[in-house]
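In UniProt numbering, the protein residues as written are 1 to 314.
We put the CB at the ideal spot given by N, CA and C, even for glycine.
Source: prediction; values computed, not measured.
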Amino acid sequence: MLKASSMSSNTQRSTFAENRTVSVKALTANAFRLDTSPLNRDACALAEKELRETPEQVQQSLAELRKYLKEKDTLLYKDADEYLMIFLRPTKFYVESAYNLMKRLADFKEKNNKIIGNPLPREEKRLFTENNVVNVLVDRDQKNRRVLILNMGSAWDPKKLNSEELFKVLYLIQVAALVEEETQVRGAVIIIDFHGLSTKQVMAMSPSFAMTLLLYIQESMPLRLKEVHIVRQPFLFNMVWPMFKQFVGDKLKKRLFFHGNKMSSLHKHLDVNMLPEDYGGKKPKMTYSSSDWYPVIQDLQNYIADWNTYGLKH
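Next comes the structure, spelled out in structure tokens:
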């Protein structure tokens with residue numbers, strides 16, 4: 001469990017490391033697995049260039065963040081290096097910014113406790129295995145970033161997966177992605193596919209859903225979101241977009257791209273050699289879904305349960 005900072009550092013690091021280890025022995029033969037290896041030389045170089053991540057800066061920021069958290073005494077948190085690094089990397093090792101991110105996430109969890117208070121993979125199995133709304137490409141992009149596919153068109157049946165459940169799936173996948181140091185450093189890309197969008201999906205996308213999703217992405221998510229690509233959006237999309245647009249900040253606007261059916265436009269950002277045929281790429285057409293990824297998420301049951309205990313002190 002994620003404990004308050006009063007636990008000994010050695011005990012916390014040991015527990016976190018155990019929970020962080022993904023049981024992927026049965027999965028190594030196929031594509032559905034997480035990469036839990038340490039950063040390679042290229043990733044370390046990128047981290048130093050973009051995140052100010054050097055051995056000296058890491059140790060200094062970890063020590064300062066621990067002190068800062070102890071003095072503020074507002075959060076239940078894990079004292080392990082691996083845990084604190086999740087918040088230091090997206091804030092470029094600026095301690096006050098890392099604390100503010102931790103606080104915003106804790107506040108968000110408090111306000112949305114009904115949805116993400118304590119989601120556990122085994123209890124949410126149906127959301128993954130009976131729907132094909134959220135998917136993750138087995139291939140990373142040309143910059144070695146994870147690519148998440150969000151099928152918001154005809155593939156989404158709101159009667160089977162309502163908007164709150166959809167957010168819960170996205171949240172769990174994002175928490176799982178934090179296991180990968182490579183993804184912590186390089187970030188992630190989202191492709192939102194509106195193919196077959198109808199009034200059924202439009203009615204399910206309420207202003208509250210739009211606000212919750214975008215508030216989390218922009219203010220509370222401890223993962224670097226590098227690009228968002230909107231594809232195959234029909235004319236009906238014009239009814240949906242104004243609802244989302246009002247919540248999009250300047251930073252995200254610069255990372256948001258609209259392509260319609262022009263996959264050549266998408267290919268200016270994502271290498272055609274790394275994309276599946278579904279998006280005009282040279283990789284095979286996708287024949288997998290979140291159901292195939294579910295065993296990976298299930299393997300993280302203890303890790304996610306640990307993560308869920310993080311939050312505000314009462």
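Asked	Found
Residues of its chain near LEU270, where Cβ-Cβ distance is below 6 Å and the 5 sequence neighbours each way are ignored	ASP141
Where the beta strand (DSSP E) containing ASP193 begins and where it ends	188 to 193
Touch test, the segment 284 to 296 against the segment 235 to 248, Cβ-Cβ under 8 Å, three pairs minimum	no
Spatially closest choice to HIS229 from LEU213, LEU84, VAL189, by CA coordinates	VAL189
Under 9 Å between C-beta atoms of ILE304 and PRO121	yes
Where PRO276 falls: helix, strand or coil (DSSP)	strand
Reference SER97, options PHE108, LYS109, LEU84, closest by Cα	LEU84
Check whether SER291 and PHE87 have beta carbons under 9 Å apart	no
Extent of the continuous beta strand (DSSP E) to which VAL228 belongs	225 to 231
Cβ neighbour criterion (16 or more within 10 Å) applied to ARG145	buried
Nearest neighbour of CYS293, chosen from TYR99, ASN135, LEU46 [CA to CA]	For the record, residue 293 in the displayed sequence is Trp; it is not Cys. That would be ASN135, whose Cα lies nearest to the Cα of TRP293.
Range of the contiguous beta strand (DSSP E) that encloses VAL58	Not the beta strand (DSSP E): VAL58 falls in the alpha helix (DSSP H), residues 55 to 72.
The segment 48 to 56 touching the segment 192 to 204, judged by at least three CB pairs closer than 8 Å	no
Contact set for ILE149: own chain, Cβ-Cβ below 6 Å, skip 5 residues either direction	ASN135, ILE191
For LEU75, the residue or residues it bridges with in DSSP	LEU312
Three CB pairs or more closer than 8 Å across the segment 100 to 114 and the segment 211 to 225	yes
Own chain residues within Cβ distance below 6 Å of SER220, not counting five before or after	ARG104, LEU105, PHE108
Residues bridged to ASN100 [DSSP beta-bridge criterion]	For ASN100, which the question treats as bridged, DSSP gives no partner whatsoever.
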